[in-house]
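Working notes, beginning with the structure itself.
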Amino acid sequence: INVRDNFRWLKGGSEFLWWSERDGFGHLYRYTRDGRLLGRLTGGEWEGTELAGVDEKAGVVYYVSTQASPLERQLYRVSLEGGEPRRITGQEGTHSISMSPAAEFYLDTFSNLSTPPATTVHAADGAELAVLRPADTRALSDYEILPTEILQVKASDGAVLYARLIKPAGFQPGRRYPVVVVVYGGPHAQAVRNAWAGLSFDQVLAHRGFAVWQLDNRGSTGRGHRWEAVVHRNLGAKELEDQKEGLRHLLSLGFADPERIGIHGWSYGGYMTLYCLLNEPGLFRAGVAGAPVTDWRNYDTIYTERYMGLPSENADGYRRSSPLNKAGALKAELLLVHNLEDDNVLIQNTVQMADALQRAGKRFWMMLYPAKGHGAQNRRHLNELMLAFFERTLK
């Protein structure tokens, strides 16, 4: 069950707006103070992701949604009585909206795959009033930003999965290229979007001759509750199925070398890296697992039990989802990375993984950073480390 901070009192506290996934997608509903439903304001097979503002005098609600595309975020308005929404923002891409308290104006930070972020001020009807921060286009002129393609992958059950692809610099049809799969795959994240990525490590990999591929599997956000809920009580399994579907599609394009596929991710992506390597041991040649959860009993209960239930009630699910139990299946080259003072995914996860691999007689590499926090602190060192690892293992 997802509960978001999309709540707003109306009419001096006699009514309120509430966001709910009761029909399978996140939408806005209007209630009386005692909980009586007055009506649904939005509806359809798309997600209302944010309640941006309310103008009670005009009788309208402003919200951000995926109505135009799961890959975009656009601002809309709808009457408090319901009816047909009207789109406010125009450009295709991702709009991050911050609205004034009276819903008279809003800030819009906009980007898409080819446009760096810019922040503008608008009237509530969408008219642009000022540019606060223009798009910083220096990266476009100072560096060769290789284009990102968005692809649709049709899974064997008919579901449409979205993926992004950066082809290697100097791409030549007919050649075979090594592939690096970037993975996150966890709940409440969406990696494939029509938004600016800029000077990322993906660009470095592509300029060094790798094809870069990332797919949003089921369990990720932006596609409704049913899309996310398939991972319930069995983290890792459905995600891997979809990642395999994506790779089958990529290989069908003819330029990806099936013998030279690597994978890397951080946090849930680190977990997915290990899960993929150990549950599909012939698919990947190499992987980098950053800050991975290796046993869901190690992770915080407010997150874990929401998706996995109690360990006492889902022992098999916890066992199946843990990479520790498949350590002996490792065939790929593996680099484990973790911050020693990670206060989110504790270092014990990587220590337990190392112990399981050693007990199974497996060789691997490990880099520990004397740093606090969950994210990568020394990004340059990490990127150089991963680049050297993939250069050595995939070329």
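Residue numbers (our numbering): 10 to 404. The beta-carbon is built from N, C-alpha and C at its ideal position, and this holds for glycine as well.
Check, Outcome
"Note down the Cα distance separating R185 from E322, rounded to an integer number of angstroms.", "48 Å"
"Considering only the beta carbon of each residue, do Y40 and L50 sit closer than 8 Å?", "no"
"Of all the CB atoms in chain D, is at least one closer than 8 Å to the CB of Y115?", "Structure shown: chain D not included; a single protein chain is present."
"Hey, out of T118, E101, R82, whose CA is closest to G231's CA?", "R82"
"In its own chain, which residues sit with a C-beta less than 7 Å from the C-beta of V213, not counting the 5 before and 5 after it?", "N392, L396"
"Given this structure, state the Cα-to-Cα distance separating N358 from A380, to the nearest angstrom.", "16 Å"
"Is I272 helix, strand or coil when you go by DSSP?", "strand"
"Among G21, G22, W27, S23, which residue has its Cα nearest to the Cα of N15?", "W27"
"Mark D325 as exposed unless 16 or more other C-beta atoms lie within 10 angstroms of its C-beta, in which case mark it buried.", "exposed"
"CA-CA distance, P110 and A144?", "26 Å"
"Using three-state DSSP, classify Y152 as helix, strand or coil.", "coil"
"DSSP three-state call for W374: helix, strand or coil?", "strand"
"Is the CB-CB distance between N121 and T146 below 8 Å?", "no"
"Going by CA-CA distance only, name the one from R42, I311, S88, S105 that's closest to R202.", "S105"
"On a CA-only basis, which of K340, L155, H383 is nearest G218? Give me that one, please.", "L155"
"Quick one, which of A139, H131, E113, S150 has its alpha-carbon nearest P125's?", "S150"
"Can you say whether R173 is buried or exposed, counting buried as having 16 or more other CB atoms within 10 angstroms of its CB?", "buried"
"Does DSSP classify W205 as helix, strand or coil?", "coil"
"State the CB to CB distance for the pair A61 and Y115, rounded to an integer number of angstroms; the pair is presumed to be in contact (CB under 8 Å).", "7 Å"
"Terminal residues of the continuous alpha helix (DSSP H) containing H104?", "No alpha helix (DSSP H) contains H104, which is instead part of the beta strand (DSSP E) from 103–108."
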